[in-house]
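>
Chains as they are written, first to last, in our numbering: chain A, 21 to 301; chain B, 67 to 488.
#1: Step through the CB atoms of chain A and report whether any lies within less than 7 Å of the CB of residue 194 (chain B).
#2: So is residue 138 (chain B) buried or exposed if we call it buried at 16+ other beta carbons inside 10 Å?
#3: With DSSP run on the structure shown, which of helix, strand or coil describes residue 483 (chain B)?
#4: Run through chain B and tell me which residues come within less than 7 Å of residue 263 (chain A), C-beta to C-beta.
#5: Thinking just about the alpha-carbon of each residue, which of B:395, B:406 and B:396 is nearest to the one in residue 386 (chain B)?
#6: Spell out whether any CB of chain B is found under 7 Å from the CB atom of residue 198 (chain A).
#7: State whether the segment 368-381 of chain B contacts the segment 155-174 of chain B, with contact taken as three or more CB pairs (one from each stretch) at a distance under 8 Å.
#8: Ignore the nearest five residues each way along the sequence and tell me which others in residue 151 (chain B)'s own chain have a CB closer than 6 Å to its CB.
#9: By the 8 Å beta-carbon criterion, what residues does the segment 153-166 of chain A contribute toward chain B?
#10: Along chain A, in chain order, which residues have C-beta atoms closer than 9 Å to that of residue 436 (chain B)?
#11: Below 8 Å, how does it come out for the segment 249-268 of chain B and the segment 113-124 of chain A: are there three or more Cβ pairs, yes or no?
#12: Measure the Cβ-Cβ separation of residue 465 (chain B) and residue 332 (chain B) and say whether it is below 7 Å.
#13: Give the residues of chain A in contact with residue 248 (chain B), contact being defined as C-beta atoms less than 8 Å apart.
#14: Please state if the CB of residue 243 (chain A) and the CB of residue 237 (chain A) are separated by a distance shorter than 7 Å.
#15: Less than 6 Å between C-beta atoms, sequence neighbours within five positions excluded: which residues of the same chain meet that for residue 274 (chain B)?
#16: Please classify residue 362 (chain B) as buried or exposed, where buried requires at least 16 neighbouring CB atoms within 10 angstroms.
#17: Return helix, strand or coil for residue 229 (chain B), following the three-state DSSP convention.
#18: Count the CB pairs spanning the segment 87-99 of chain A and the segment 172-191 of chain A that are closer than 8 Å, and state whether there are at least three.
#19: Taking the straight line between their C-alpha atoms, what separation do you get for residue 111 (chain B) and residue 231 (chain A)?
#20: Whose Cβ in chain B lies nearer than 7 Å to the Cβ of residue 147 (chain A)?
#21: Can you check the segment 204-252 of chain B for any alpha helix (DSSP H) of at least 4 residues that lies completely inside it and give the ranges in chain order?
#22: For residue 104 (chain A), name the three-state secondary structure that DSSP assigns.
#23: Taking DSSP as the reference, what is the three-state secondary structure of residue 392 (chain B)?
#24: Count the other CB atoms, across all protein chains shown, that sit within 10 Å of the CB of residue 261 (chain A); report buried if there are 16 or more and exposed otherwise.
#25: Between residue 181 (chain B) and residue 183 (chain A), what straight-line distance do the alpha-carbon atoms span, to the nearest angstrom?
#26: Taking the continuous alpha helix (DSSP H) assigned at residue 342 (chain A), which residues delimit it?
#27: So is residue 291 (chain B) in contact with chain A if we call contact Cβ pairs under 7 Å?
#28: Identify, in the order they occur along the chain, each residue of the same chain with its Cβ nearer than 7 Å to the Cβ of residue 444 (chain B), setting aside the five sequence neighbours on each side.
#29: Indicate whether residue 221 (chain B) and residue 340 (chain B) have their beta-carbon atoms separated by less than 7 Å.
#30: Between the C-alpha atoms of residue 161 (chain A) and residue 189 (chain A), what's the straight-line distance to the nearest angstrom?
#31: May I have the straight-line CA-CA distance separating residue 281 (chain B) from residue 311 (chain B), to the nearest angstrom?
#32: Report the partner residues of residue 96 (chain B) according to the DSSP bridge assignment.
#33: Applying the criterion that 16 or more other CB atoms from any shown protein chain within 10 Å of the CB defines a buried residue, is residue 210 (chain B) buried or exposed?
#34: Closest to residue 125 (chain B) by CA distance: which of B:148, B:118 and B:295 is it?
#35: Looking at C-alpha atoms only, which residue of A:39, A:141, A:239 and A:272 is the closest neighbour of residue 56 (chain A)?
#36: Does the segment 375-393 of chain B come into contact with the segment 101-110 of chain B, if we say contact requires no fewer than three beta-carbon pairs (one atom in each stretch) closer than 8 Å?
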């Protein structure tokens with residue numbers, strides 16, 4: 021086949037798939053968000069933004085992302101470097117660390133609920149050690165900080181692996197020669213990490229961060245399992261509009277707001293971590 | 067792939083294909099009720115197995131239930147034969163999407179239910195199928211702390227608060243349990259119990275001074291409520307675990323506790339306030355979507371569901387009571403007996419103030435519920451000023467009533483036109 025045409029033929033199936041199952045539904049959702057039955061309107065957006073819980077859920081979502089993503093980034097970097105240094109058992113460790121990836125987020129939320137709830141593991145342990153007299157209810161409206169912490173922990177446990185996998189692949193691509201040269205000139209391990217690993221890891225970091233940040237704005241099942249209605253986030257409000265209030269227009273508007281925030285942050289990350297033109301590993 | 071695994075694959079494929087073929091001949095009963103696995107299994111084995119032609123009983127959550135139904139309605143053709151859902155689910159639908167069922171010649175024994183089932187039209191859009199209510203239940207351990215002179219079958223809200231306070235003081239833990247979780251039915255407590263008992267209304271009196279008193283009382287009760295209540299949705303779990311000793315919930319959400327340890331718990335009527343003992347029914351119905359593939363089979367199944375034997379079997383399977391006149395047998399499960407007694411005492415009490423299910427709200431039922439749950443979250447959980455919150459939420463309630471034009475329902479005084487928020 022003509023070498024000029026071949027690439028287009030190869031991406032055709034994926035393009036068709038995306039158009040059919042992403043672009044087309046997206047257009048439908050956008051149409052729903054901007055109409056209430058009689059022509060173009062911003063009523064849906066006015067309604068969802070004007071609701072008293074909207075600022076709280078927006079703030080909660082952003083706070084959670086701000087708390088979770090940096091910790092995950094640091095952990096994933098640390099774990100990826102460790103894995104890369106390992107001589108033996110590398111695969112085994114990688115498998116174990118990526119187990120949470122295979123667990124659905126609702127199941128992950130329920131696992132952490134079993135730890136934190138009133139008759140959960142943490143309480144049994146604390147009372148076994150004699151720290152508390154009777155089970156403490158951690159996940160109550162009286163302790164919003166603990167609820168936040170539990171959700172953040174569950175999210176970190178659950179979704180660090182996705183960054184780890186991308187970063188491990190990225191680190192593997194960095195040629196050994198750079199490290200050898202740096203060692204010859206007496207660069208410390210930390211220097212080698214900041215001067216070689218981090219800059220050359222940029223493309224992977226970009227991908228990992230974009231993926232993770234988008235997922236952070238879509239956080240839902242873990243929050244629902246651990247926080248119930250105590251910790252409203254954007255996705256849980258969207259769910260409530262669609263399924264409790266049967267208001268598809270408002271739900272579509274919420275979905276577009278989440279999309280806009282995701283796109284905004286994606287652009288920021290892409291810009292901040294851009295690889296200069298012509299630079300290659 | 068080895069030959070063996072290929073064979074296994076082919077065989078399972080064949081079985082699947084056969085199973086789907088069989089399923090197509092059965093009537094698909096698409097339901098939001100009897101969802102827990104045991105209840106669904108009991109529906110299949112004890113209730114629906116007697117129907118000729120077979121039934122494929124598929125219960126689901128409200129969201130997926132509606133999504134598939136609407137997809138079929140929009141496509142103009144479908145596989146769902148019969149719908150089973152709550153009154154609120156049906157009232158959120160367009161009555162044109164449901165087949166008129168007058169020609170079946172069956173209805174419930176209650177005129178009120180039959181009127182509700184018309185969904186504002188002139189003919190039955192669904193057939194009332196089964197009913198339940200909300201009651202109180204307590205661990206027998208708690209009975210010793212009942213305040214002096216209090217009759218458990220005729221409690222007032224003040225006595226309930228005193229009782230919960232006594233238990234709190236004696237055990238050192240707040241032991242009142244309230245289903246305030248994400249799937250909990252807390253809104254029904256405010257709409258059908260607290261408001262009618264204190265204000266003799268639900269909509270008209272939403273922001274009245276009596277309503278402020280009601281919320282103050284509830285706040286007081288909340289100080290003796292297990293703070294984990296915001297995660298509780300089925301109070302039978304907390305009754306069984308001992309996290310709560312005195313609880314309020316839907317009869318079928320308490321059933322497991324009574325069935326597992328019948329001697330440990332008592333069921334009793336909801337408390338009374340200054341304007342009577344407010345309470346509210348739960349009504350489920352069966353309907354046929356206009357896209358049903360085999361109309362005759364669907365209608366036969368609806369008729370089958372209304373037979374007295376089926377109604378009693380349904381009671382055993384789901385803890386929902388019959389809506390037609392039946393003679394109840396003596397060997398009913400403990401939960402049914404306990405709940406039946408409590409409901410009978412509640413509706414037979416001298417100060418009974420029965421409310422009706424919200425009607426005429428159409429697809430705004432969810433928004434209507436949100437007005438009450440928001441008031442709860444702001445007043446009780448966030449500790450905001452009651453008067454300010456009620457005045458603020460009042461606007462949302464007024465908008466819903468104006469938009470839907472729903473007239474008042476009991477215990478609110480009747481209205482011409484949309485029910486006003488006074």
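All C-beta atoms in this analysis are idealised placements derived from N, C-alpha and C, irrespective of residue type, glycine included. Remember, it's a predicted structure, so these values are computed and weren't measured experimentally.
So, to answer that:
#1: Locating residue 194 (chain B) in the second chain gives position 128, counting from the first residue. It does not; no Cβ of chain A falls within 7 Å.
#2: Stepping through the second chain from its first residue, residue 138 (chain B) is reached at position 72. Label assigned to residue 138 (chain B): buried.
#3: Sequence index remark: in the second chain, residue 483 (chain B) carries index 417 (1-based). Here residue 483 (chain B) sits in coil by DSSP.
#4: Here residue 263 (chain A) refers to the residue found at position 243 when the first chain is read from its first residue. Those within 7 Å of residue 263 (chain A) in chain B are 128 and 129.
#5: Within the second chain, the letter at position 320 stands for residue 386 (chain B). Out of B:395, B:406 and B:396, B:406 has the C-alpha closest to the C-alpha of residue 386 (chain B).
#6: Here residue 198 (chain A) refers to the residue found at position 178 when the first chain is read from its first residue. It does not: the Cβ of residue 198 (chain A) has no partner Cβ on chain B nearer than 7 Å.
#7: yes
#8: In the second chain, residue 151 (chain B) corresponds to position 85, counting from 1. Hits under 6 Å: 98.
#9: 154, 157, 159, 160, 161 and 162
#10: As a first step, residue 436 (chain B) is located in the second chain; it is residue number 370 there, counting from the start. The answer, in chain order, is 260, 264 and 265.
#11: no
#12: In the second chain, counting from the first residue as 1, residue 465 (chain B) sits at position 399. In the second chain, counting from the first residue as 1, residue 332 (chain B) sits at position 266. Against a cut-off of 7 Å, the Cβ pair of residue 332 (chain B) and residue 465 (chain B) comes out as no contact.
#13: As a first step, residue 248 (chain B) is located in the second chain; it is residue number 182 there, counting from the start. Near residue 248 (chain B) (Cβ distances below 8 Å), the residues of chain A are 244, 248 and 249.
#14: Along the first chain, one-based indexing puts residue 237 (chain A) at 217. Along the first chain, one-based indexing puts residue 243 (chain A) at 223. Not in contact: residue 237 (chain A) and residue 243 (chain A) (Cβ atoms no closer than 7 Å).
#15: Residue numbering aside, residue 274 (chain B) sits at position 208 when the second chain is read from its first letter. Closer than 6 Å at the Cβ level, and outside the excluded window around residue 274 (chain B), lie 265.
#16: Indexing the second chain from 1 puts residue 362 (chain B) at position 296. Residue 362 (chain B) should be labelled exposed.
#17: The count along the second chain starts at 1 and reaches residue 229 (chain B) at position 163. If DSSP states are grouped into helix, strand and coil, residue 229 (chain B) belongs with the helices.
#18: yes
#19: Within the second chain, residue 111 (chain B) is the residue found at index 45, counting from 1. Within the first chain, residue 231 (chain A) is the residue found at index 211, counting from 1. Their Cα atoms are separated by approximately 47 Å.
#20: Reading the first chain from its first residue, position 127 is the one you call residue 147 (chain A). Within 7 Å Cβ-Cβ: nothing; residue 147 (chain A) doesn't reach chain B, min ~14 Å.
#21: 223-237
#22: Position 84 of the first chain, counting from 1, holds the residue named residue 104 (chain A). Three-state result, residue 104 (chain A): helix.
#23: The residue given as residue 392 (chain B) occupies position 326 in the second chain. In this structure, residue 392 (chain B) counts as coil in the three-state DSSP scheme.
#24: In the first chain, residue 261 (chain A) corresponds to position 241, counting from 1. Buried.
#25: Looking up residue 181 (chain B) in the second chain gives position 115. Looking up residue 183 (chain A) in the first chain gives position 163. Those two C-alpha atoms are separated by around 58 Å.
#26: The displayed coordinates of chain A run from 21 to 301. Any statement about residue 342 (chain A) would go beyond what the structure contains.
#27: If you number the second chain from 1, residue 291 (chain B) lands on position 225. It does not; no Cβ of chain A falls within 7 Å.
#28: Sequence index remark: in the second chain, residue 444 (chain B) carries index 378 (1-based). 450 and 455, listed in sequence order.
#29: The residue you call residue 221 (chain B) lines up with position 155 of the second chain. The residue you call residue 340 (chain B) lines up with position 274 of the second chain. No; because the gap between Cβ atoms is not below 7 Å, this pair is not in contact.
#30: Your numbering for residue 161 (chain A) matches position 141 in the first chain. Your numbering for residue 189 (chain A) matches position 169 in the first chain. Approximately 42 Å between the Cα atoms of the pair.
#31: Translated into the one-based positions of the second chain, residue 281 (chain B) becomes position 215. Translated into the one-based positions of the second chain, residue 311 (chain B) becomes position 245. Rounded to whole angstroms, residue 281 (chain B) to residue 311 (chain B) spans 22 Å at the Cα level.
#32: Counted from its first residue, the second chain places residue 96 (chain B) at position 30. BP columns for residue 96 (chain B) point to B:124 and B:149.
#33: As a position in the second chain, residue 210 (chain B) is number 144, starting the count at 1. Residue 210 (chain B) should be labelled exposed.
#34: Here residue 125 (chain B) refers to the residue found at position 59 of the second chain. Checked all of B:148, B:118 and B:295; the closest Cα to residue 125 (chain B) is B:148.
#35: For this step, residue 56 (chain A) is matched to residue 36 along the first chain. Of the candidates A:39, A:141, A:239 and A:272, the one whose C-alpha sits nearest the C-alpha of residue 56 (chain A) is A:272.
#36: yes
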